[in-house]
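As structure tokens, the structure follows; a few thoughts come after it.
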Amino acid sequence: MTQLYDASLVDWSRAQFALTAIYHWCFVPLTLGLSFIVAFMESLYVKTGNEEWKRITKFWMTLFGINFAIGVATGIILEFEFGTNWSNYSWFVGDIFGAPLAVEGLMAFFIESTFVAVMFFGWNKVSKKFHLLSTWLTAIGANLSALWILVANSWMQYPVGMHFNPDTARNEMTNFWEVLFSPVAINKFLHTVGSGYVVASVFVLGISAWFILKNREVRFAKLSILVAAVFGTIVSLFIIITGDQSARLMANHQPMKFAAMENLYDGQRKAPLVVFGILRNNNKDDNSKTEFAARIAIPNFLSSMAFLDPNAYVPGIRDLTEGNSELGIISVNEKIEKGKTAIIALKDYNIAKKAKDDNASNAALASLLTNYNYFGYGFLTAAKQAIPPVKLTFYSFRIMVFLGFWFILLFILALIFTLRNRLENKRWFFVAAIVSIPLAYLASQFGWIVTEVGRQPWVIQDLMPAIRAVSNINVGSVKVTFVLFAIIFTVLLIAEIKIMLKQIKIGPKEGGNE
Amino acid sequence: MFENLSQLALQQYWWILVSLLGSILVFLLFVQGGQTLIYQLGKTAESRNLIINTIGSKWEFTFTTLVTFGGAFFASFPLFYSTSFGGAYWVWIIILFAFIIQAVAYEFRSKPDNFLGKRTFDGFLFVNGLLSTVLLGAAVSTFFTGSHFIIDSDRHSQWTMASRGLEAALNIQNLSLGLTVFFLSRVLASLYFFRTINDEKIIEKVRKQMLYDAVPFVVFFLLFAGMLMLKDGFAVNPSTSEIYMQPFKYFHNLIEMPVVAVLFLCGVVLVLSGIILPLVSYNKYGEKAIWFSGLGTVLTVFSLFLLAGFNNTSYYPSVADLQSSLTIQNSSSSHYTLTAMSYVSLIIPFVLIYIIYVWRIINRKKIEVKDLEGEHVY
């Protein structure tokens, strides 16, 4: 039970998964949001009978199609990489993690793939209403897919609804509903799909702004801006609520990630929230401590955000690694000991079971269950391994939040200008909207970096570190596939961007034909 | 309802579902088969566009079925997922690569400024059609021929061959199933074109091409089936769970499971009927032949999966360590998970209904060149 693999194998496997996930997430947010925006637009067409809305719908649908295919292609890799590169993980939690993936396929992918065909090919084959229904079902299917994979991801961050079965050496599901309706899962779903809606809204806004700047398709662009601005404003405000809730859930369930995200080394009451900060290089004597070179902070705000109490104590990295007896936090070294005890107990349990020694197996089982919450720590060799990369997590979070607020401002301005019919001559606004397109993608990616880098070293919080989860493969093979994936994804990304840009330049066609 | 079933009954139920998904996937590989025929059948850009757009509206079904097949296998038999995917690394990676390039090829090939050019994307479609059929067929064949892995007491697997699954392609039986699937997918594609393309010149070529593919298909299938019936198989002692080699195991399975034997024979007859009937009378059977061979494919592959997993048989045997072999009993999820998943599986009939409904709508009318104007075109 103590076989661990070469650290470079873990790093390359992690890099490959991160590469795939990052590329996948270049496409998915737009699919999630644009599918709904297109559905709104087509609804307006069906309701009003105005052919201009059909033309608008078809234009955005073309861009949706280009993006959809590559999102699907990168998605399949992620699913199978759980098996190819994280096979020990696949067994250890497959009993729980596999279920959402299967449900995703049965419940969501088929809706999406079936009705997307009608959406693209059915304009002249089905009635207007059935086509509209198909467009809505495609959007719902895409978002349902996101639900199930996010449930699976959330479970890794906050494992619930399961128990460890020593006979099978794995975790097994005991409550499906607890897994599905875990507060972390619900909030993560809402926050993540919300971010996709923001990306799509900024995308529509930016491209429409380009048309107005070029003095082309002005009416089309204004109508598109109206839809994007309304949708974007609503979801951005919604994202603030789910983001706030995310912070609270993280503070409670992943305090180390929270401390790293805030670069809070020494815990404190009335903890301030660092709105802006520049970090120095790590302290030479203590690698886990990263000092601020400069910062702007709001007093008490972090305590309020994390625990809804301005006087609350927010544990820092030091509390969590060295322990804090006043708060009942045990040190990582103690956790490592408990984890090792659990690992040895599992081994003893198996030996006793083989020898049919009931007393010994019961004793080993009792020890295992007592210490099981720290099982993953038993694979760590030093306390500092339990600390995620602080700088990356800290900066990623701030970039995401700053950009998030920028988008809210952008949407509100778009809404005001549109409703007051003052969009013309706002060149600065159009340029800002165009520049915001890549920023929206960046914000979304940084959100995932906070989530995934911030939870290191855990694949499953406290139960399984990455070094234990990896497949037993030659590191050379993973290096080769990493390079191959990097090349193919990059080539396809370039192709996608070029095609998108060309389609945008061509613009919407008469009658909505592509 | 499901919670009252025994663990074995749930395992069998899920093996049936996974087998069903696998067999539908093999049928849907006609999309891949069609992709390998683009340049053989289409001598002009116009005819190639027509062929691609005919199968193009179905690529997502194949893709989604593969993803769901993987997800269902993961959920119901996670030890297979961790052992095979983590072990036969290169085989699965190549298959995955083949699917990445497929999805984008359809959407990008005819778009202006597509960076790589139409021919490159058409090449991607060919590569996908060739590799995914041959390798998926060879991978399924290892259910009967075995793989090189060892599983320890923590259920961690270790592949014992450096070639990481590619060695399977050197086994004649694996290769013959791989080639069977490849030629079958081309036959099915031809039958699908009979039903969907309204272009006499192309259909004339398809009719000839179907014969060229049907002959090697039958030869390789007979080779595979003959070897399967004659070979020693990986049997499980139900009382000790010990794995041992049993002469003519799969032939015995066929005899001892008469329902499976009937399914297998019906499947084979239907596949052959779909090939022969259009030769007898194209006007009468041409358009219907896909349903004969399609249903036959599903039944045959389904019965092969049942031969691999039922009747005390190891479905994923290890030739490196016989006792590491996987059975539906030792590799499955827990009773609770299988039960929960079984409730989810009740939506499958509804999924099938709306897929069939939409399929019929999209394929109501045969496609011809003029249909490619003004529509979403691949």
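Chains as they are written, first to last, in the working numbering: chain X, 2 to 515; chain G, 111 to 488. Built from N, CA and C at the ideal position, the CB exists for glycine as well.
(Q) If I measure Cβ to Cβ from I242(X) and keep anything under 8 Å in the same chain, skipping five residues before and after, which residues do I get? (A) Cβ within range, chain order: n/a, list empty.
**Q.** Length of the line joining the Cα atoms of A433(X) and L440(X)
**A.** Each residue's alpha carbon lies about 10 Å from the other.
Q) What whole-angstrom Cβ distance do E105(X) and S146(X) have, given they're in contact under 8 Å? A) Between E105(X) and S146(X) a beta carbon distance of about 5 Å is seen, short of the 8 Å cut, so the two are scored as contacting.
(Q) Does the CB of M174(X) have a neighbour CB from chain G at under 9 Å? (A) yes
Q) Does the separation of the CB atoms of A299(G) and I385(G) fall below 9 Å? A) Cβ atoms of A299(G) and I385(G): not closer than 9 Å.
Q. Relative to the alpha-carbon of L364(G), which residue among F374(G), V316(G), M355(G), Y322(G) has its alpha-carbon at the smallest distance?
A. The shortest C-alpha separation from L364(G) is found at F374(G).
Q.
According to DSSP, is W124(X) part of a helix, a strand, or is it coil?
A. coil
Q.
Taking beta-carbon pairs under 8 Å, can you tell me which members of the region 207-239 of chain G lie near chain X?
A. F207, F209, I210, I211, Q212, A213, V214, Y216, E217, F218, K221, P222, D223, N224, F225, L226
Q | Nearest-angstrom Cα separation, counted from A294(X) out to I279(X) | A | 5 Å
(Q) Using beta carbons (cut-off 9 Å, strictly below), is E397(G) in contact with chain X? (A) With respect to chain X, the C-beta atom of E397(G) has no partner C-beta closer than 9 Å.
Q.
Once DSSP output is grouped into helix, strand and coil, what is the label at W26(X)?
A. helix
Q: Report the residues of the region 115-133 of chain G with a CB closer than 8 Å to any CB of chain X, ordered along the chain.
A: none
Q | Whole-angstrom C-beta distance between F259(G) and T193(G), which should lie under 8 Å | A | 6 Å
Q: Mind listing, in chain order, the continuous beta strand (DSSP E) runs of no fewer than 3 residues lying wholly within the region 368-450 of chain X?
A: none
Q: Identify each residue in the region 186-204 of chain G for which the Cβ-Cβ distance to at least one residue of chain X is less than 8 Å, and report them in chain order.
A: S186, P188, L189, Y191, S192, T193, S194, F195, G196, G197, Y199, W200, W202, I203
Q.
Excluding the 5 residues flanking T139(X) on each side, which residues of the same chain have their C-beta closer than 7 Å to its C-beta?
A. S36, E113, F116, V117, M120
Q. What residues from the region 258-270 of chain G come within 7 Å of chain X, judged by C-beta to C-beta, listed N to C?
A. S263, D264, R265, H266, S267, Q268
Q. Hey, out of A444(X), F412(X), F486(X), A356(X), whose CA is closest to F430(X)'s CA?
A. F412(X)
Q. Which residues bound the alpha helix (DSSP H) around N154(X)?
A. 129-158
(Q) Only counting the same chain, and skipping five residues up and downstream in sequence, which positions put a Cβ closer than 8 Å to that of L138(G)? (A) K168, F171, T172, T175
Q: Identify whether N514(X) lies in helix, strand or coil by the three-state DSSP scheme.
A: Only weak support is given to the placement of N514(X): the predicted model assigns it a pLDDT of 49, under 50, and the value that follows is read from those uncertain coordinates. N514(X): coil per DSSP, three-state reduction.
Q.
If we define contact as Cβ-Cβ less than 9 Å, is W26(X) a contact residue for chain G?
A. With 9 Å as the cut-off, W26(X) does not count as an interface residue toward chain G.
Q. Comparing the C-beta of L276(G) with each C-beta of chain X, is any distance below 9 Å?
A. Judged by the 9 Å Cβ criterion, L276(G) is not in contact with chain X.
Q | Beta-carbon separation (whole angstroms), E113(G) vs T449(G), contact threshold 8 Å | A | 5 Å
**Q.** Per-residue contacts from G95(X) into chain G (C-beta, under 8 Å)
**A.** F184, A185, P188, L189, Y191, S192, S443
Q: Determine, using beta carbons only, whether F1(X) and L107(X) come nearer to each other than 9 Å.
A: Residue 1(X) is absent from the model: chain X starts at 2 and stops at 515.
(Q) Please report the distance separating the alpha-carbon of V487(G) from that of F65(X). (A) Approximately 14 Å between the Cα atoms of the pair.
Q | Alpha carbon of D12(X) to alpha carbon of P273(X), nearest angstrom | A | 34 Å
Q: Report yes or no: do three or more beta-carbon pairs, one from the region 386-396 of chain G and one from the region 147-158 of chain G, lie closer than 8 Å?
A: no
(Q) Using a Cβ-Cβ cutoff of 9 Å, what residues of the region 95-116 of chain X are near chain G? List them in chain order. (A) Look at the region 95-116 of chain X: the residues with a C-beta under 9 Å from a C-beta of chain G are G95, D96, I97, F98, G99, A100, P101, L102, A103, V104, E105, G106, L107, M108, F110, F111, I112, E113, S114, T115, F116.
Q: Tell whether a beta-carbon distance below 9 Å holds between F98(X) and F376(X).
A: no
**Q.** Under the three-state DSSP convention, the category S257(G) falls into
**A.** strand
Q. Can you name the residues that DSSP bridges to H362(G)?
A. According to DSSP, which records beta bridges pairwise, H362(G) is partnered with nothing at all.
Q | Amino acids of chain G, ordered along the chain, whose beta-carbon sits closer than 8 Å to that of K341(X) | A | Neighbours of K341(X) on chain G: none; closest Cβ ~16 Å, over 8 Å.
Q) What separation, rounded to the nearest whole angstrom, lies between the Cα atoms of K189(X) and F408(X)? A) 20 Å
**Q.** Minimum Cβ-Cβ distance from N475(X) to chain G less than 9 Å
**A.** Chain G has a Cβ within less than 9 Å of the Cβ of N475(X).
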